[in-house]
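Trainee: Taking the working numbering, I'd label the letters of the sequence shown as residues 473 to 766. My questions will all concern the structure given below.
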Amino acid sequence: MIDLMVVCTLAQEPLLLVGKPGTAKSDLVVKFCQALGVGGEEYFEYMLTKFTEPSEIVGPIDINQLKDGRYIRRVSGKLPEARIVFLDEIFKSNSAILNTLLTIINERKYYQDGKPVKIGLKMLFAATNEIPEFTELAALRDRFVLKIESESVRHRHFDALLDKGLRNETYKAFNQRPWEGITSLEDFQKLKTYLDYLMVYGTDGKSQDDRSKYFPKEIYALFKRIIKTLEKEDRIEISDRKVIKIYKLIRTRAFLFHGGVVTKEDLTLLRYVPDRIQDFGPIREKVDTLLRLE
Numbered sequence: 473m474i475d476l477m478v479v480c481t482l483a484q485e486p487l488l489l490v491g492k493p494g495t496a497k498s499d500l501v502v503k504f505c506q507a508l509g510v511g512g513e514e515y516f517e518y519m520l521t522k523f524t525e526p527s528e529i530v531g532p533i534d535i536n537q538l539k540d541g542r543y544i545r546r547v548s549g550k551l552p553e554a555r556i557v558f559l560d561e562i563f564k565s566n567s568a569i570l571n572t573l574l575t576i577i578n579e580r581k582y583y584q585d586g587k588p589v590k591i592g593l594k595m596l597f598a599a600t601n602e603i604p605e606f607t608e609l610a611a612l613r614d615r616f617v618l619k620i621e622s623e624s625v626r627h628r629h630f631d632a633l634l635d636k637g638l639r640n641e642t643y644k645a646f647n648q649r650p651w652e653g654i655t656s657l658e659d660f661q662k663l664k665t666y667l668d669y670l671m672v673y674g675t676d677g678k679s680q681d682d683r684s685k686y687f688p689k690e691i692y693a694l695f696k697r698i699i700k701t702l703e704k705e706d707r708i709e710i711s712d713r714k715v716i717k718i719y720k721l722i723r724t725r726a727f728l729f730h731g732g733v734v735t736k737e738d739l740t741l742l743r744y745v746p747d748r749i750q751d752f753g754p755i756r757e758k759v760d761t762l763l764r765l766e
């Protein structure tokens, strides 16, 4: 899961954590942000309900400005000022919140007095206990290209759970964060800028076909074959937008973990494209099988 968090943060693509309560979804995000040195107003977290209002996310209306006929929100300490955001129970949001979130995720902007304002959001993490199949949530589901299940480790790693859990409680009691200081969000931003440039202009500054240099023909053919198989045999919906983002995430993983050229191991990201929880296990097995057969 940490690898996916790193890859998605570098690519600045939202990641959905799916799992029952008590499986450390929020704790993982908090520690990840602390490791990057992100805190204070740069980090925003909120648990959504069907009663959550947009003002709780993007800030309340400034009454003094409203008296002058201007619809301005006070955004201090709210999502528009954050660089990393964690929204818990995201699929419980109502239609007003949903429209606000779609604009934020798609375009990295919100509205002040009817005018779009860019925000500095670099990464959005979201969590849910379930993924509803309601039609009105389809657009939100589609924005999360990758979704990973946060599973309980109690049965498989009981001793380690107790040992590390108690150590973590001690860290909290003494306000210690031994995972801090390794890297920063600024480092991620510099890497992203370089990778974005590389995908279009290459190392020599000339426009190039990214696939021809970083995606070997046999691996690219396998990538297309898996996509088609998931669509036809498993009815996994993969939109044109999602295909582009999957490619970008695979390239990002290859760049991050072994320098750039895509390998079979990078295609394992395709395990995490299903929208339905009941597809998580079968699709993971299907992708692993297809990768082994080649």
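Ideal Cβ placement from N, Cα and C applies to all residues, glycine included.
How would you write the range of the beta strand (DSSP E) that Leu621 sits in, first residue to last?
Mentor: Sequence check: residue 621 is Glu here, not Leu. Glu621 -> beta strand (DSSP E) spans Leu618 to Glu621.
Trainee: Distance, Cα to Cα, Phe523 vs Lys685?
Mentor: 50 Å
Trainee: For my contact list, Leu593 and Val557 are in at a C-beta cut-off of 8 Å; report their separation, rounded to the angstrom.
Mentor: 6 Å
Trainee: For my contact list, Pro493 and Ala598 are in at a C-beta cut-off of 8 Å; report their separation, rounded to the angstrom.
Mentor: About 15 Å separates the two Cβ atoms, so there is no contact after all.
Trainee: Looking only at DSSP bridge pairs, what is Val557 linked to?
Mentor: Phe516 and Leu596
Trainee: Could you check whether Ile577 and Leu551 sit closer than 9 Å to each other, using their CB atoms as the reference points?
Mentor: Contact flag unset, no.
Trainee: Return the chain-ordered list of same chain residues with a C-beta closer than 7 Å to the C-beta of Phe630, the five sequence neighbours on each side being excluded.
Mentor: none
Trainee: What whole-angstrom Cβ distance do Gly491 and Glu623 have, given they're in contact under 8 Å?
Mentor: Contact annotation, Gly491 with Glu623: C-beta distance approximately 6 Å; criterion of less than 8 Å satisfied.
Trainee: Taking Cβ positions, are Thr600 and Ile544 nearer each other than 9 Å?
Mentor: no
Trainee: How far does the beta strand (DSSP E) with Val589 in it extend, from its first residue to its last?
Mentor: Lys587 to Lys590
Trainee: Can you tell which of Leu574, Val589, Lys689 and Leu596 has its C-alpha closest to the C-alpha of Ala610?
Mentor: Leu574
Trainee: Got a sec? Which residues, its chain only, sit under 7 Å from Val501 by beta carbon, not counting five neighbours each side?
Mentor: Excluding five sequence positions before and after Val501, the CB atoms of its chain that fall closer than 7 Å to its own CB belong to Phe558 and Phe597, given in chain order.
Trainee: Going by the CB atoms, is the gap between Val745 and Ile708 shorter than 9 Å?
Mentor: yes
Trainee: Using a 10 Å radius around the Cβ and a threshold of 16 neighbouring Cβ atoms, would you call Gly511 buried or exposed?
Mentor: Under this definition Gly511 is an exposed residue.
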